[in-house]
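Participant: Numbering (full-length UniProt numbering), first residue to last: 1 to 459.
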Amino acid sequence: MTYLPTFDGPLTPASPLRETYLPNLRTTLVDATAAETIATLLAPGRRRVNFMNAHCFNVMARDRQYATAVNSADFLLPDGIGVALAAKMTGHDLTANLNGTDFIPKLLQEAAKMGKSVFLFGGTAGTADKAAAQLTQNIPTLIIAGTRDGFEQAQNDAEVIADINASGADIVLVALGVPMQELWLHRNAPYIDAELTMGVGAALDFFAGNVTRAPAWIRKAKCEWVWRLAQEPRRLAKRYLQGNFSFMARAAKRTASTLTPASVANRLLDITVAATALVLLSPLLALTALAIKVESKGPALFTQTRIGKNGRPFTMIKFRSMVSDAEAQRDSILAQSDREGICFKSKSDPRITRIGRFIRRASIDELPQILNVLRGQMSIVGPRPALPSEVDAYPKHAFGRLSVKPGITGVWQVSGRADVGFEQMIEMDLAYASSRSILLDLILIGMTFRAVLTGRGAH
């Protein structure tokens, strides 16, 4: 579950299919796994869907009619490394790249299990038929309700709509290319009986074998655009070379316009402190990892999903201070918590190793989070990063603590840590979020040394 800000103030649980507004792209993209997206798209109800890559955003920037068509769709799916990089500029690591050539066969496979049929519309003469033959070969139970090419058979909208509706198709894939397919759907989707309509670009050409996919290792390296450019340099050079550059430049410019002196100063402080600490503490980090490995089986580092700014999940890194199967044992010892409220803490937690007790007491177990800071997922100073299960149980006012990045240290950490109750911790975090400044962060960093030396609440 991801938590997104609402327009009326506090953060609240989002719908099963998450969406993220990206100011540098000026639109809202689906941010979910392929499986989550497919489940939502195939659920009862009418939906219009577009895939969005860098080229689509370039067309949006110069074609207002196309921009209107795109943003009127029910869901926009992120497609390509360019969109992922542009999202990352504003601190969003999109969950998945939902490019149509990989995503659509998965969607149709699930549709086939549900007995849903698909209509293929687009491509040159014969392309839709070849794509249909290949899809049914790969998915034998898939029902092809009908096909129609995107040239001679696409001249009359009324005829196309009548053909699609007569077929009884549940899903319509429109492959007319950008921007024609989005404009066509914006104009005609309300008159189509199918529940799901999608603009799919060149997908039918790939399914038909007209265009060859890049080898798996190139796709894994997120360089399929290079393969496509090598195949069709004359047609794609402007789109991929000039287009990708202009898209990234425009995204960077818009991102820069949203930055404030305070946010830049905070990030510079994070990078400076984290990089310096990584260099100076590297011998201690190495010795700690060795000690953990000597005492017990399992990796020296422990990773866990935590909830970051604006409810974004991220993988937090710590030194392992417990036995390797600690997570499996957690439910059985929840009743032993020494702390009231949602967050579990126990001084006598049987899962903690001897080395683990020492590194917890000295706060050494938290040091690998320096890497989370350098990645931009955490700050040096901020609220404690919460577990998803804890956030699921938050009272409404507690979501306000997710409005800033979680930190390695903070008000709660220097005020007693586990000795501080849940409600008091929330009040501390909300106060910090509303009044954070460089001066406050420097004071809290200084107070952290005292907290580490006293070890209060560290267990």
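Just so you know, even glycine gets a beta-carbon here, dropped at the ideal spot from N, CA and C.
If I'm right that residue 164 touches residue 194 with Cβ under 8 Å, what's the distance once you round it to whole angstroms?
Facilitator: That belief holds up - the Cβ atoms of residue 164 and residue 194 are roughly 7 Å apart, short of 8 Å.
Participant: Ordered along the chain, which non-local residues of its own chain (more than five positions away) have a Cβ less than 8 Å from that of residue 380?
Facilitator: Within the same chain, residue 380 has close Cβ partners 269, 270, 273, 274, 373, 407, 408, 409, 441 and 445.
Participant: Is it right to say residue 144 is buried, meaning 16 or more other beta carbons lie within 10 angstroms of its own, or is it exposed?
Facilitator: Buried: at least 16 other Cβ atoms inside 10 Å.
Participant: How many Å lie between residue 473 and residue 37 at the Cα?
Facilitator: The question about residue 473 has no answer, for the chain in this structure spans 1 to 459.
Participant: Rounded to the nearest angstrom, what separates residue 35 and residue 447 at their Cα positions?
Facilitator: Whole-angstrom Cα-Cα distance: 46 Å.
Participant: When the Cα atoms are used, what is the spatial distance from residue 433 to residue 404?
Facilitator: If you take the alpha carbons of residue 433 and residue 404, they lie about 6 Å apart.
Participant: Which term fits residue 152, buried or exposed, when burial requires 16 or more other beta carbons within 10 angstroms of its beta carbon?
Facilitator: So residue 152 ends up on the exposed side.
Participant: So, does the region 65-85 touch the region 174-186, judging by three or more C-beta pairs under 8 Å?
Facilitator: Touching, per the Cβ criterion.
Participant: Between the Cα of residue 435 and those of 387, 453, 382 and 349, spot the shortest distance and give me the residue it belongs to.
Facilitator: Per the Cα distances, 382.
Participant: Just to confirm the assignment, what range does the alpha helix (DSSP H) spanning residue 236 have?
Facilitator: Looking at the DSSP string, the run of the alpha helix (DSSP H) that includes residue 236 is 233-237.
Participant: Could you have a look at residue 320 and say whether DSSP puts it in helix, strand or coil?
Facilitator: Residue 320 falls in the coil class under three-state DSSP.
Participant: What three-state label does DSSP hand residue 22 in the structure shown?
Facilitator: Residue state, collapsed to three classes: strand.
Participant: Where residue 116 and residue 78 are concerned, what is the direct C-alpha to C-alpha distance, given to the nearest angstrom?
Facilitator: Near 25 Å, if we compare the C-alpha coordinates of residue 78 and residue 116.
Participant: According to DSSP, is residue 190 helix, strand or coil?
Facilitator: Reduced to three states, the DSSP call for residue 190 is helix.
Participant: Looking at the strands, I want to know which residues DSSP matches up with residue 28.
Facilitator: BP columns for residue 28 point to 21.
Participant: If you compare alpha carbons, which of 315, 50 and 18 is closest to residue 185?
Facilitator: Closest option to residue 185, Cα to Cα, is 50.
Participant: Can you tell me the Cβ-Cβ gap for residue 55 and residue 243, rounded? I've got them flagged as a contact below 8 Å.
Facilitator: Right, their Cβ atoms sit about 6 Å apart.
Participant: If distances are taken between C-alpha atoms only, which option among 174, 146 and 302 comes closest to residue 166?
Facilitator: Cα-wise, what sits closest to residue 166 is 146.
Participant: Assign residue 125 to one of three DSSP states: helix, strand, or coil.
Facilitator: Coil.
Participant: Would DSSP call residue 197 helix, strand or coil?
Facilitator: Three-state DSSP puts residue 197 in a strand.
Participant: Compare the beta carbon distance of residue 429 and residue 412 with 8 Å and say whether it is the shorter of the two.
Facilitator: In contact: residue 429 and residue 412 (Cβ atoms closer than 8 Å).
Participant: Can you tell me the Cα-Cα spacing of residue 189 and residue 324, whole angstroms?
Facilitator: Those two C-alpha atoms are separated by around 53 Å.
Participant: Taking residue 395 as the reference, which of 427, 443 and 369 has the closest Cα?
Facilitator: The shortest Cα separation from residue 395 among 427, 443 and 369 belongs to 427.
Participant: Can you name, in chain order, every residue of its own chain whose Cβ lies under 7 Å from the Cβ of residue 53, other than the five neighbours on each side?
Facilitator: Taken in chain order, the residues that qualify are 79, 80, 82 and 83.
Participant: Considering residue 263, what are the terminal residues of the alpha helix (DSSP H) in which it resides?
Facilitator: Run containing residue 263: 261-280, per the alpha helix (DSSP H) assignment.
Participant: Alpha carbon to alpha carbon, how far is residue 245 from residue 24?
Facilitator: Approximately 15 Å, taken between the alpha carbons.
Participant: In or out: residue 266 buried (at least 16 other Cβ within 10 Å) or exposed?
Facilitator: Buried: at least 16 other Cβ atoms inside 10 Å.
Participant: If I measure Cβ to Cβ from residue 192 and keep anything under 8 Å in the same chain, skipping five residues before and after, which residues do I get?
Facilitator: Here the set comprises 161, 164, 165 and 172.
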